[in-house]
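Read through the structure below, which is laid out as structure tokens, and then see the notes.
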Amino acid sequence: MASHSDNHYFVPHGSIYPAFISVGLLSMASGFVFNVTGSDLRGDGSLKNPSLDYLATPGKYMMYIGLAIILFMMFKWLSDVVTESLTGQYKKWEDKSFRIGMIVFICSEVAFFAAFFGALFYMRVLSVPDLASYAPDITPYKDFLNSWPSQGPGGVVLGETFKPNPDFHPMSWSGLPLINTLLLLSSGATITWAHWGLIKNNRKQLVVGLALTVALGITFLICQAAEYHHAYTEMGLTLKSGAYGATFFMLTGFHGFHVTIGTLMLIVILLRSIKGHFTPEHHFGFEGVAWYWHFVDVVWLGLYIFVYML
């Protein structure tokens, strides 16, 4: 028969962390608004409203302070969660709720990226051909071509002159993108190998597998930074390069952000594994991060196929 403690759901004590994180979010968001407003520039580099220039400097510091508050509070909050786990506060019901919560979170991430893939599909399959199909005598986009990748229309658009960049080149599927694909696929294998080590209670295999996964994640981010630098400096591919440039950097940029978050989580799990926090029977912290990392791998495969190859 299950004991009373097995059926009791752990309820943590009151916490000030949510209040402080809210203050940090408010400070960071307000600082961002002040910074953008105070440094709003015209095309020639002059301020659109010089009277608001005084907002830029304090806005920058508010962003930094808000970010510092958020990071510190998250560190303290998650430290408390780890302590609660190690002291045996979490039983089967807490473990089940954590798994459900992680599944719901990953589903929300799937919806997030699905929206961007949907936007890419809409532009490539519907929007670009539709805009190029208008008769030349009635369309404001006289030089718009039904081709992908698209930099957008030429000529005069809404009173502004748009000139396609003659040095523009789309990103190839080979080179760094192919290397990054191999890196992420390898990282999926190494974290699975680490999981097998945990199940077998082989701490050396667990730690080595996680260390390799962290190294592969960091290498991926370095390669992506090099890819972005090459795109901006040598390929004429920027966020302003029409629909293609916007979708390319939005999709790959958000994915890179998720890889960064995943790598940080892997580093935390690696340190906890070195300290022996996980057992073959009790290791959801590891599993949750592994699920997230596999999700990041799958999203990259979609990106590689639909953004780089097709």
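Position one of the sequence shown corresponds to residue 1 (the numbering used here), numbered consecutively onward.
Backbone N, C-alpha and C define an ideal beta-carbon position, used for all residues, glycine too.
Beta-carbon contacts of residue i that lie in its chain and below 6 Å, excluding the five residues immediately before and after
i      : result
Thr57  : none
Phe284 : Asp95 and Phe98
Tyr244 : Pro149 and Ser150
Met73  : Tyr17, Phe20 and Ile21
Gly276 : none
Met265 : Val289
Glu227 : Leu176
Trp193 : Gly209
Phe113 : Val299
Met1   : With a pLDDT of 37 at Met1, under the threshold of 50, the modelled position of that residue is not reliable, and no figure is offered here.
Val81  : none
Residue i, buried or exposed, once every other Cβ within 10 Å from all chains shown has been counted against 16
i      : result
Pro149 : buried
Asp297 : buried
Asn146 : exposed
Glu234 : exposed
Gly101 : exposed
Ala15  : Note that residue 15 is Ser in the sequence shown, not Ala. That one is exposed.
Val104 : exposed
Met171 : buried
Ser27  : buried
His255 : buried
Ile191 : buried
Met309 : exposed
Residues near residue i in its chain [Cβ-Cβ closer than 8 Å; skip 5 each side]
i      : result
Thr200 : The question names Thr, but residue 200 is Lys in the sequence shown. These residues qualify, in order along the chain: Pro280.
Gly159 : For Gly159, the predicted model reports a pLDDT of 46, less than 50, meaning its position is unreliable; a value from the coordinates is still stated below. No residues qualify anywhere along the chain.
Tyr61  : Gly31
Ser127 : Ala243
Pro129 : Asn146
Neighbourhood of residue i by C-beta, 7 Å cutoff - its chain only, sequence neighbours within 5 removed
i      : result
Trp93  : Tyr9
Leu198 : Leu206, Phe278, Pro280, His283 and Phe286
Ile218 : Thr263
Phe117 : Gly302 and Phe306
Leu86  : His277
Leu239 : Gly245, Ala246 and Phe249
Leu295 : The question names Leu, yet the displayed sequence has Phe at residue 295. These residues qualify, in order along the chain: Ile106 and Glu109.
Cβ distance (whole Å) where residue i is taken to contact residue j below 8 Å
i      : j      : result
Leu184 : Phe220 : 6 Å
Gly66  : Leu131 : Going by Cβ atoms, the distance from Gly66 to Leu131 rounds to 41 Å, so no, they are not a contact pair.
Ala225 : Leu270 : Not really, about 22 Å apart at Cβ, beyond 8 Å.
Ile267 : Val214 : 6 Å
For residue i, the first and last residue of its enclosing alpha helix (DSSP H)
i      : result
Thr263 : Gly242 to Ile274
Leu131 : Val128 to Ala132
Gly302 : Phe284 to Leu303
Which full runs of the alpha helix (DSSP H) of 4+ residues lie inside the region 68–123, going along the chain? 92–121
Enumerated in chain order, which unbroken segments of the alpha helix (DSSP H) with a length of 4 residues or greater are wholly contained in the region 160–204? Within the region 160–204, the complete alpha helix (DSSP H) runs of at least 4 residues are 176–199.
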